[in-house]
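All the letters of the sequence shown, read from the start, carry residue numbers 27 to 363 under our numbering. Cβ coordinates follow ideal geometry from the N, Cα and C atoms, glycine included. Inspection log for the structure reproduced underneath, given as structure tokens.
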Amino acid sequence: MLTACGGGGTATEDTPETETGGETATEQVEQKTIRAGIGLNDSHPQYKGLLKFKELVEERTDGAIEVQTYHSGQLGDDRTMTEGLQLGSQEVTIPSTAPIANFVPEFSVFDFPFLFPSEEVADTVLDGEVGQKFLDMLPDQNLVGLAYWENGFRDLTNSVRPVATAEDFKGLKIRTMENDLHLEAFRALGANPTPMAFTELFAAMQQGTVDGQENPYATIYLQKYHEVQDHVSNTHHIYSPFVFLMSKSFFDGLTEEQQEIVKEAALEAGDYQRELNREANEQYLADLQEEGMTFTEITPEAREEMVELVQPVLDKYAERIGQDIVDEVNNAIEAAQ
Ligand code: TF8
């Protein structure tokens, strides 16, 4: 276990450069740089969590690992940044599970609509054995999953009409993440969905290419979607986890101690990020209404109808992903309640 007093001790230099000329016997710690990119902007808890990770890693490695942070999709969208990890053009990104499913299809199970009943249950399942089982599938893709962070419960916005029931989804052009399950679920609800990278979303709403989108309140508010959207409903249709990903080749090149440090820092920064995220999601619904958006509450009956409409899609994906692993997730969810 790691102690929290990273900065104070002696620098542990267990990778001496043995081939450097030899005039000086000074051991040199190889300087490493983590280029970490995320999709959301610098006011979002995702970025605040990343800054915490930077602080912890730099302090605990005595600066031997530097963390450079990039927000707002400066390094690309979730998919291209994840590819960047595989190619070695960046070392860290924190995508939603939906785009990760394009690399490891099993991850789609976390995006089953109405799967997680609460954030607390999600924490227990993701931080437990089942969550680890999914992280263990990542190295095959040259990715290492260090921790689950939180994007959160997704809620629908649009610029056409208030949405109270499945009926109201009819014909709405909704941007979805680039994930087949999302696409099919929105079709089943009667919407007309289009997959699109997050980085293109604001302009698409502004230009009317899409009528709406779905993301947690924090994203809706902090990305200023209220400037181009009129209506918000608490559909809470999907709980989106984030996964803290590191390039596997980079991770393998770290010393064992450094691997422990980055892993522990990702977990600790994740706790902090989840806390900020929950506060933000609570606070920003009121702010969205203050900005002039109408808010529509989804009744339990209306939500039940949505659950029924998406069920065939879930059955199809459970078969595709493997009923066993889907059952395992469902059992863990039940046990956590
Ligand atoms: C989406 C996701 C994104 C995040 C972030 C950009 O709608 O919810 O907000 O994955 O990395 O694309």
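Near the ligand TF8: residue i beta-carbon under 7 Å from a heavy atom
i      : result
ASN177 : yes
SER134 : no
ASN241 : yes
THR108 : no
ILE64  : yes
PHE392 : Given that the chain is displayed from residue 27 to residue 363, the structure contains no residue 392 and the question cannot be resolved.
SER144 : no
PRO121 : yes
THR59  : no
THR245 : yes
ASP104 : yes
MET272 : no
MET231 : no
Sequence-distant residues of its chain with Cβ nearer than 6 Å to residue i (five each side left out)
i      : result
ALA173 : PHE270, ALA292, LEU293, GLY296
THR225 : GLY99, ASP103
ARG300 : GLU176
LYS58  : ILE91
LEU66  : GLN72
ARG61  : GLN94, GLN116, GLU117
ASP153 : none
Proximal residues to residue i (C-beta, below 8 Å), its chain only, five neighbours per side dropped
i      : result
ASP194 : ARG187, PRO188
ILE359 : LEU141, PHE142, PRO143, VAL147, VAL151
PRO221 : ARG201, THR202, MET203, GLU204, ASN205, HIS208, LEU209
GLN158 : none
GLU334 : none
DSSP state of residue i mapped onto helix, strand, coil
i      : result
PHE268 : strand
GLN337 : helix
LEU302 : helix
PHE142 : coil
PHE129 : coil
VAL258 : strand
SER115 : coil
GLY178 : strand
GLN187 : Reading off the sequence, residue 187 comes out as Arg, not Gln. Coil, per DSSP.
ALA229 : helix
GLY157 : helix
ASN241 : strand
ASN168 : coil
GLN100 : coil
ASN218 : strand
Distance, residue j Cα to residue i Cα
i      : j      : result
LYS199 : ASN128 : 23 Å
THR46  : PRO121 : Note that THR46 has pLDDT 46, beneath the 50 cutoff, so the model's placement of it is unreliable and no number is given.
THR191 : PHE133 : 28 Å
GLN315 : GLN309 : 11 Å
THR95  : ASP68  : 10 Å
GLU210 : LEU76  : 32 Å
ASP313 : THR322 : 15 Å
HIS262 : GLN54  : 52 Å
GLY178 : TYR265 : 5 Å
TYR73  : ASP341 : 36 Å
LEU215 : VAL336 : 7 Å
GLU286 : TRP175 : 18 Å
VAL135 : ALA344 : 8 Å
ASN168 : VAL118 : 12 Å
GLY63  : LYS196 : 36 Å
ALA217 : ARG180 : 16 Å
HIS252 : LYS80  : 31 Å
PRO338 : MET332 : 11 Å
MET319 : ALA230 : 19 Å
THR123 : PHE212 : 17 Å
THR235 : ASP256 : 15 Å
PHE160 : GLN112 : 18 Å
GLY348 : ILE246 : 34 Å
Residue of the options minimising C-alpha distance to residue i
i      : options                        : result
THR106 : LYS159, ILE91, LEU302, ALA223  : ALA223
GLY238 : ASN184, LEU113, LEU280         : ASN184
ASP350 : MET231, SER275, VAL156, GLN232 : VAL156
LYS254 : GLU317, ARG346, ASN357         : Per the sequence presented here, residue 254 reads as Val, with Lys not at that position. Nearest of GLU317, ARG346, ASN357 to VAL254, Cα basis: GLU317.
ASP88  : TYR298, GLU354, GLY348, GLN284 : GLN284
GLU56  : GLY279, HIS70, ILE347, GLU109  : GLY279
TYR298 : ASP149, PRO139, HIS97, ASP137  : ASP149
Cβ of residue i within 8 Å of any chain C Cβ
i      : result
LYS250 : Reference to chain C is not applicable here, since this structure consists of a single protein chain.
Cβ neighbours of residue i in the same chain (closer than 7 Å, five flanking residues each side left out)
i      : result
VAL130 : MET163, LEU164, GLN167
LYS274 : PRO165, ASN168, LEU169, VAL170
GLU354 : VAL156
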